[in-house]
Every structure is written in structure tokens, then in C-alpha cells.
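S.K.:
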Amino acid sequence: MATPAGEGRRQRRWLDASRPLVTGMPVWPGDPPVAVTRVLAREAGDTCQVSALATSVHAGTHVDAPCHYLEGGAGVEAMPPWVCIGLARVVRGVGSSPLASEALLGLRVGRGQRLLFAGGGADGALSLAAARFLARRRVALVGTDAPSVGPPGEEGDEVHRVLLASGAWILEGLVLEGVRAGRYEFVCAPLLLPGADGAPARVFLRPR
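The sequence shown begins at 14 in our numbering and counts up one residue at a time.
#1: In chain order, what residues of the same chain lie with their CB nearer than 6 Å to the CB of S31, ignoring the 5 residues before and after it?
#2: Just to confirm my understanding: we take D77, look at its own chain, exclude 5 residues before and 5 after, and list those with CB closer than 6 Å. What are they?
#3: Does the distance from the CB of R193 to the CB of V103 come in under 9 Å?
#4: Give the DSSP-derived three-state secondary structure of D44 in the structure shown.
#5: Under a three-way DSSP split, which group does R124 fall into?
#6: Which residue marks the beginning of the beta strand (DSSP E) containing D77, and which one marks its end?
#7: Looking at the structure shown, is C61 part of a helix, part of a strand, or coil, going by DSSP?
#8: Secondary structure at L141, three-state DSSP: helix, strand or coil?
#9: On the CB-based measure, 16 or more other CB atoms within 10 Å of its CB, does S161 come out buried or exposed?
#10: Got a sec, what are the start and stop residues for the alpha helix (DSSP H) E168 sits in?
#11: What are the boundary residues of the beta strand (DSSP E) that C201 is part of?
#12: Taking the alpha-carbon of L141 as reference, which of L128, L154, V122, E115 has the nearest alpha-carbon?
#13: Here's the rule: buried if 16 or more other CB atoms are within 10 angstroms of the residue's CB, otherwise exposed. What is W41?
#14: To the nearest angstrom, report how far apart W181 and E198 are at their CA atoms.
#15: For W95, list the residues DSSP reports as bridge partners.
#16: When DSSP labels each residue in this structure, what does R55 get in the three-state scheme?
#17: Apart from the five residues on each side of it in sequence, which residues of its chain come closer than 6 Å, Cβ to Cβ, to P45?
#18: What is the DSSP secondary structure of E84, reduced to helix, strand or coil?
#19: In chain order, what residues of the same chain lie with their CB nearer than 8 Å to the CB of P39, ignoring the 5 residues before and after it?
Right, dumping it as C-alpha cells:
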């Protein structure tokens with residue numbers, strides 16, 4: 014479930030929609046496991062505490078960069094600040110799994126929008142037709158609480174290609190349980206990993 018972030022009356026309205034990176038967490042089949050290990054420990058006599066992180070860039074809540082699927086595509090460092098900060102719309106209950114294009118017709122999707130699909134598990138994935146629908150409308154960002162924006166297999170691969178080729182950025186692995194449909198202030202902070210095909214990200218939402 015998305016958790017309140019910060020303290021105080023104003024800060025409590027912010028929700029943390031990020032999935033923690035922890036040792037042994039579920040990862041995409043074939044990806045390396047996540048491991049957070051202690052390198053130095055005060056209790057062992059070291060002067061400070063130091064940890065190390067080993068992970069795929071596609072573990073937990075993360076951004077997919079164009080070069081994840083597109084030959085010659087940009088790395089994650091190219092994600093524009095205006096895509097990372099602004100208004101986003103959380104979308105719930107739009108129908109089938111994966112989401113069909115017909116289910117999106119009533120959403121009034123327009124250029125530059127950020128859409129976050131909350132379905133839980135695979136229900137947040139898009140069909141290829143839905144991806145093409147969003148690509149034609151030149152949305153800025155497509156997010157999901159599913160492990161992947163597309164279903165497993167070749168269709169999911171093509172969903173990525175279609176969205177990334179249209180200029181949309183992809184945000185996967187969100188925590189949207191308990192987050193109502195509607196408009197939110199949106200902050201996404203991916204790690205700066207030059208040339209990487211993705212990056213873990215911290216994501217915050219605040220109801221409008």
C-alpha cells in the first residue's frame with residue numbers, strides 16, 4: 014500500500030508510491046536477485062556503517078529508458094525534468110487484463126499527460142492496442158503497478174517498443190494499492206545512471 018511520506022499537516026498528504034528495494038524481493042524472471050549487504054558495521058568495530066546494493070536497474074519501482082528496447086535510444090539520464098515533475102492521473106477499473114484500447118476511450122487522453130494505471134499485478138499491464146492508442150496521443154509517461162507495462166511475451170515486448178518510440182517514458186512497479194483514481198501532483202526521481210536502460214526510482218503523489 015502507498016504510504017504517507019513526511020510529517021506535518023501538509024507533508025502527510027504526500028504518498029510514497031515506491032516499492033522498497035530489499036534482499037530477496039521478487040524480480041522479473043531471469044533478472045539478477047536484489048541483495049543489500051553490510052560492508053562495514055559499527056558493531057563489528059568499524060568506524061561507520063556502509064552498505065552495498067546489487068540489483069538490476071529494472072527491480073522494484075523503476076523507469077524504462079528508450080535504449081531498453083530501441084536501437085540507438087537514449088539512456089535514462091535523458092529523462093526530462095518536466096516528465097518527472099507535474100500532474101499525473103491515476104486510472105482504475107478500466108476493464109480487461111491486459112487493458113484494451115476500448116477501455117481507454119472515455120479517458121480524454123491528450124498530449125503530454127502522465128497516466129498511472131492501478132490494477133494490481135498483471136491487471137495494470139496494457140494490450141498492444143492500448144499502447145498504440147496512447148502512443149498516437151503522445152502521452153509523456155505511462156506508469157503501472159504491474160511488474161511490466163505489457164503482458165509477458167512478444168506482445169509485452171512490442172508494447173514497450175511502441176510506447177518508447179512515441180516518446181513516452183515508462184514507469185513500472187509502482188505501489189498504488191489504496192490510491193484512489195484521480196489527479197495527483199507527481200514527483201519521480203530516477204537514479205542518474207548515464208547510458209543505462211533503466212533506473213530505480215522514488216515516486217511521490219499528492220492528491221489535487
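By construction, the Cβ of each residue, glycine as well, lies at the ideal position given by its N, Cα and C atoms.
M.R.: Reading it off the structure:
#1: As a position in the sequence shown, residue 31 is number 18, starting the count at 1. Closer than 6 Å at Cβ, skipping near neighbours: T74, R215, V216.
#2: As a position in the sequence shown, residue 77 is number 64, starting the count at 1. Short of 6 Å from the beta carbon of D77, and not among the five residues preceding or following it, lie these beta carbons of its own chain, in chain order: I183, G211.
#3: One-based indexing of the sequence shown puts residue 193 at position 180. One-based indexing of the sequence shown puts residue 103 at position 90. Contact flag set, yes.
#4: Taking the first residue of the sequence shown as 1, we reach residue 44 at position 31. In the structure shown, D44 sits in coil (DSSP, three-state: anything other than H, G, I, E or B).
#5: Indexing the sequence shown from 1 puts residue 124 at position 111. The answer is coil: DSSP assigns R124 none of H, G, I, E or B.
#6: Numbered from its first residue, the sequence shown carries residue 77 at position 64. Note, D77: beta strand (DSSP E), 75–77.
#7: Here residue 61 refers to the residue found at position 48 when the sequence shown is read from its first residue. Coil at C61, not helix or strand.
#8: One-based indexing of the sequence shown puts residue 141 at position 128. In the structure shown, the three-state DSSP call for L141 is helix.
#9: Translated into positions along the sequence shown, residue 161 becomes position 148. Buried is the call here.
#10: Position 155 of the sequence shown, counting from 1, holds the residue named residue 168. For E168, the enclosing alpha helix (DSSP H) has its first and last residue at 167–178.
#11: By one-based count along the sequence shown, residue 201 stands at place 188. Per DSSP, C201 is one residue of the beta strand (DSSP E) stretching across 195–203.
#12: Stepping through the sequence shown from its first residue, residue 141 is reached at position 128. Checked all of L128, L154, V122, E115; the closest Cα to L141 is E115.
#13: As a working mapping, residue 41 is identified with position 28 in the sequence shown. Exposed.
#14: Indexing the sequence shown from 1 puts residue 181 at position 168. Indexing the sequence shown from 1 puts residue 198 at position 185. According to the sequence provided, residue 181 is Ala. The question's Trp does not apply to it. So the two alpha carbons sit approximately 19 Å from each other.
#15: Here residue 95 is taken as the residue at index 82 of the sequence shown, counted from 1. BP columns for W95 are empty, so no partner.
#16: Your numbering for residue 55 matches position 42 in the sequence shown. DSSP places R55 in helix when its eight states are reduced to three.
#17: As a working mapping, residue 45 is identified with position 32 in the sequence shown. Here the set comprises S69.
#18: Here residue 84 refers to the residue found at position 71 when the sequence shown is read from its first residue. If DSSP states are grouped into helix, strand and coil, E84 belongs with coil.
#19: On the sequence shown, residue 39 is found 26 positions in, with the first residue counted as 1. Cβ neighbours of P39 beyond the five flanking positions: P160.
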